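Working notes, beginning with the structure itself.
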Amino acid sequence: MQSAEQGDPDAKVNVGYFYDEGLGVQQNYQEAAKWYTQAAEQGNASAQANLGILYKLGRGVEQSYQESAKWYLLAAEKGKINAQENMGDFFFKGTGVTQDYKEAAKWFSQAAEQGSAYSQFFIAYLYKEGLGVEQNYSESAKWYLKSAEQGDADAQSDLGDLYRDGLGVEQDYQVAMKWYRQSAESGDIYALVSIGSLYDEGLGVQQSYQTAAKWYLKAAEKGNSVGQTSLGNLYRQGFGVEKNYQEAAKWYLKAVEQGNADAQSMLGYLYIKGLGFTQDYEESAKWFNKAAAQGEMTAQYNLGYQYENGLGVPQDYAKSAKWYLKAAEQGDADSQSMIGKYYSSGLGVPQDYKKSAEWYLKAAEQGDIDAQVSIGYLFMKGLGVQKNSTTAMEWLLKAADQNSAMAANNIAVLYLHGNGVKKDAKKAIEWFLKAAEQDDATAQLNLGRIYEYGQQIVPQDDEKALSWYQKAAENGATGVGKKVEILRQKLRQKHNASAQPILHK
0 MQSAEQGDPD
10 AKVNVGYFYD
20 EGLGVQQNYQ
30 EAAKWYTQAA
40 EQGNASAQAN
50 LGILYKLGRG
60 VEQSYQESAK
70 WYLLAAEKGK
80 INAQENMGDF
90 FFKGTGVTQD
100 YKEAAKWFSQ
110 AAEQGSAYSQ
120 FFIAYLYKEG
130 LGVEQNYSES
140 AKWYLKSAEQ
150 GDADAQSDLG
160 DLYRDGLGVE
170 QDYQVAMKWY
180 RQSAESGDIY
190 ALVSIGSLYD
200 EGLGVQQSYQ
210 TAAKWYLKAA
220 EKGNSVGQTS
230 LGNLYRQGFG
240 VEKNYQEAAK
250 WYLKAVEQGN
260 ADAQSMLGYL
270 YIKGLGFTQD
280 YEESAKWFNK
290 AAAQGEMTAQ
300 YNLGYQYENG
310 LGVPQDYAKS
320 AKWYLKAAEQ
330 GDADSQSMIG
340 KYYSSGLGVP
350 QDYKKSAEWY
360 LKAAEQGDID
370 AQVSIGYLFM
380 KGLGVQKNST
390 TAMEWLLKAA
400 DQNSAMAANN
410 IAVLYLHGNG
420 VKKDAKKAIE
430 WFLKAAEQDD
440 ATAQLNLGRI
450 YEYGQQIVPQ
460 DDEKALSWYQ
470 KAAENGATGV
480 GKKVEILRQK
490 LRQKHNASAQ
500 PILHK
């Protein structure tokens, strides 16, 4: 105390520390702040760092993040690790200073170089996300490893993610599992989910839904919404556990209490299908809306579907288009195909064949059959794209390979007229038959016309024509009734004529 009173800054820090911790004296934060302030004003880095803590926590002084940042900065510039950590935190979160990821990276980096596991984790995170530094997964992995080796559970879990996804390191599911297990042993709940997901998907381990369920349950019981949702999914599908929609709903409901968008979407699914609940379109729309508002892609598609069909909500093509478009922009092929259809037909959006073609093409490239047929049709007709029968044929063949009857019918039309391919009536008939045998009414109608008129393609055959027209009518073709009646009458007349007795003179 005597040295402190004589002005020794180190002694002042010690006195302040005794009051701060209540060592040998009654704990008194105000006294601690007084002595720290005196030493800090003399330039003592430890005092400046400790004063930063008191201002941050409001101990012995009025809480002030700005004042805390001022003292931390002075200490950080003198190399104090805890001050550098806190300055990194303050700039990362915008606490007491203007948020600045570049400054955060600077201070975390300095503390990380001095061995701070906490700062090593954060500089790794900044490199992973490209915040304040250029995104660099290799640098991220380097710093996560340093932090993980010091036992930081979050770093161990995130390093596992990099190995799982092959970011900055060679993809290695077994190494990912190693780090997830270490993280889980250190108490990280998310690592429990990650271990479960590796067993769920059979990545680096023998696939085991039962083991996945065990790990998901551990996370779920600790309140992790991802674990709760994942466990709900296993109960919904009956994977590793007995299928139980009520149990699935129970876990989804726990997860939605935390705002989990995937769980909200799955609740919507259970309500729209009537699984575990009485079917209720209004409830499904409610949950899809919550999830869709958070950007959950499947919910956006399903909400678009409900508005399209007026299920639980008033039919509204504009709202339907809005949600299909949001999901389409996230890469959902079904939504891309639907928004393509909307632009083609002018449903909920102004008709625009060019935009229609753009969206159909995106979906078609993902293997969506309807989109492949539709983009093929647009190329056939030159709608929104330059007319190109060859390109049309390419897309139609892709769809036909996936057993699309509509594609087969359109291919037949191209062969029939020689558009994009050599004219070939025989092949046209073959493709019409492929489509017709799948109960495609248009193909059946086309075969009816071909056999009715012959058209130098096949011998004219009223019986075959009638048969195909009847099948087309059964499958929803309109305007066929008159044709059927005419052919029936014609065949009756033929039959009656052939049945007339031969008269001998």
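In numbering that gives the first Met the number 0, the protein residues as written are 0 to 504.
Note that the Cβ used here is the ideal one computed from N, Cα and C, for glycine as well.
For clarity, every value in this text was computed on a predicted model and none was experimentally measured.
List the endpoints of the continuous alpha helix (DSSP H) containing residue i.
{"i": "glycine 150", "result": "From DSSP, glycine 150 is part of no alpha helix (DSSP H); its letter is neither H nor E."}
{"i": "glutamate 81", "result": "First, the residue type needs correcting, since residue 81 is asparagine and not glutamate in the sequence shown. Its alpha helix (DSSP H) spans residues 80-92."}
{"i": "alanine 476", "result": "Note, alanine 476: premise wrong, no alpha helix (DSSP H); not H, not E."}
{"i": "glutamate 128", "result": "116-128"}
{"i": "glutamate 328", "result": "316-328"}
{"i": "glutamate 200", "result": "188-200"}
{"i": "glutamate 133", "result": "Careful: glutamate 133 lies outside any alpha helix (DSSP H) and carries neither H nor E."}
{"i": "threonine 97", "result": "Where threonine 97 is concerned, there is no enclosing alpha helix (DSSP H), given that its DSSP letter is neither H nor E."}
{"i": "aspartate 333", "result": "332-344"}
Could you check what DSSP says for residue i in three-state terms: helix, strand or coil?
{"i": "isoleucine 456", "result": "coil"}
{"i": "serine 403", "result": "coil"}
{"i": "leucine 413", "result": "helix"}
{"i": "aspartate 351", "result": "coil"}
{"i": "asparagine 232", "result": "helix"}
{"i": "aspartate 171", "result": "coil"}
{"i": "phenylalanine 534", "result": "Outside the displayed range of the chain (0 to 504) lies residue 534, so it cannot be described from this structure."}
{"i": "alanine 434", "result": "helix"}
{"i": "valine 255", "result": "helix"}
{"i": "valine 420", "result": "coil"}
{"i": "proline 8", "result": "helix"}
{"i": "alanine 104", "result": "helix"}
{"i": "threonine 277", "result": "coil"}
{"i": "glutamine 26", "result": "coil"}
{"i": "glutamine 181", "result": "helix"}
{"i": "leucine 444", "result": "helix"}
{"i": "valine 225", "result": "helix"}
{"i": "glycine 381", "result": "coil"}
{"i": "glutamate 295", "result": "coil"}
{"i": "valine 312", "result": "coil"}
{"i": "glycine 267", "result": "helix"}
{"i": "serine 207", "result": "coil"}
{"i": "glycine 21", "result": "coil"}
{"i": "glutamine 365", "result": "coil"}
{"i": "asparagine 243", "result": "coil"}
{"i": "lysine 386", "result": "coil"}
{"i": "aspartate 157", "result": "helix"}
{"i": "glycine 165", "result": "coil"}
{"i": "lysine 493", "result": "helix"}
{"i": "glycine 15", "result": "helix"}
What's the call for residue i, buried or exposed, on a 16-neighbour Cβ count within 10 Å?
{"i": "leucine 502", "result": "For leucine 502, the pLDDT reaches just 48, beneath the cut-off of 50, and the residue's location in the model is therefore unreliable, leaving the point undetermined."}
{"i": "serine 108", "result": "buried"}
{"i": "serine 344", "result": "exposed"}
{"i": "aspartate 157", "result": "buried"}
{"i": "threonine 277", "result": "exposed"}
{"i": "aspartate 164", "result": "exposed"}
{"i": "valine 312", "result": "buried"}
{"i": "asparagine 495", "result": "exposed"}
{"i": "leucine 197", "result": "buried"}
{"i": "valine 132", "result": "buried"}
{"i": "threonine 505", "result": "No answer is possible for residue 505: the residues shown for the chain start at 0 and end at 504."}
{"i": "aspartate 400", "result": "exposed"}
{"i": "serine 137", "result": "exposed"}
{"i": "leucine 22", "result": "exposed"}
{"i": "tyrosine 452", "result": "exposed"}
{"i": "valine 60", "result": "buried"}
{"i": "alanine 317", "result": "exposed"}
{"i": "asparagine 544", "result": "Here the chain covers residues 0 to 504 and nothing more, so residue 544 does not appear."}
{"i": "leucine 73", "result": "buried"}
{"i": "asparagine 308", "result": "exposed"}
{"i": "asparagine 402", "result": "exposed"}
{"i": "arginine 235", "result": "buried"}
{"i": "proline 349", "result": "exposed"}
Worksheet entry | Inside the region 44-75 only - alpha helix (DSSP H) runs reaching at least 4 residues | 44-56 and 64-75
Discussion item. Does the region 427-435 come into contact with the region 445-462, if we say contact requires no fewer than three beta-carbon pairs (one atom in each stretch) closer than 8 Å?
Written reply: yes
Worksheet item: At a cut of 8 Å, does the region 261-268 reach the region 236-244 through at least three beta carbon pairs?
Response: no
Practice prompt. Answer yes if the region 297-312 comes into contact with the region 326-344, meaning at least three C-beta pairs across the two stretches below 8 Å, and no otherwise.
Written response: yes
Fill in: Cβ contact (3+ pairs, closer than 8 Å) linking the region 172-190 and the region 206-213
no
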